[in-house]
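J.: My questions will all concern the structure given below.
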Amino acid sequence: MEKVINSYETLFIVDVTGGEEATKATVTKFTDIIAKNAEIVEVAEWGKRRLAYPINDMPEGYYVVVTFKAEPAFPAELERLYNIDESVMRSIVVKLDYEAVAKAEEAVEAPAAAAEEATEEVTE
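Here is the structure:
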C-alpha cells in the first residue's frame, strides 16, 4: 500500500522571557523534530512580535512558520509535543489544500519571470 503524504503548515509562538538563547533552542528543537519526521519545504522565522493580546501576561512572542510534507499521523504528534513544552505559547497545524512544494517553487519563479519580462520590454 502506498504511503499518503500531505502538505501541512504549522505556526508556533515561543515565549521570549527566557532570553534569545532559550528562544533559539526551542525553535531549533521543533524544526529538528519536524525534519526527522517530515520533509521541510520552508521555514520562515518572523521573529519577535507584539501579540494582539497578552498570553499569560506576556505582550511579545517569537513567531515561526514551517511548511512541510508528512504522513497524516505526524501533525497530531506534533501538536501533542507543542502542548507539552511550556515555552510554546500558542501553536496550530493546518493541512494545506495545495501542494506545498509546487507553491514554494512558484513563489520563487514568479518574481524571476516578471523581472525577465520587464527587461525584454525595455530592450525592445
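If you want our numbering, it's the position in the sequence shown, counting the first as 1, plus 39. Where is the CB? At the ideal position from N, CA and C, for every residue including glycine. The structure displayed is predicted, hence computed values, not measured ones.
Can you tell me where the alpha helix (DSSP H) with K68 in it begins and where it stops?
T.: Segment E59 to N76, the alpha helix (DSSP H) holding K68.
J.: Spatial neighbours of I131 within its chain, please: CB distance less than 6 Å, with the 5 preceding and 5 following residues excluded, ordered by chain position.
T.: Excluding sequence neighbours, I131 sits near L50.
J.: Determine the DSSP secondary structure at N45, reduced to helix, strand or coil.
T.: Residue state, collapsed to three classes: strand.
J.: If you draw a straight line from the alpha carbon of E41 to that of G58, how long is it in whole angstroms?
T.: If you take the alpha carbons of E41 and G58, they lie about 45 Å apart.
J.: For F113, write down the residues that DSSP places opposite it in a beta bridge.
T.: F113 pairs with nothing; no bridge assigned.
J.: Have a look at P114 and M97 and give me their C-alpha separation to the nearest angstrom.
T.: Looking at the two C-alpha atoms, the distance is approximately 27 Å.
J.: Pull up the distance between the alpha-carbon of E84 and that of N45, whole angstroms please.
T.: Their backbone Cα atoms lie some 22 Å apart in a straight line.
J.: Tell me S130's beta-bridge partners as DSSP assigns them.
T.: In the DSSP output, where bridge partners are listed per residue, S130 has F51.
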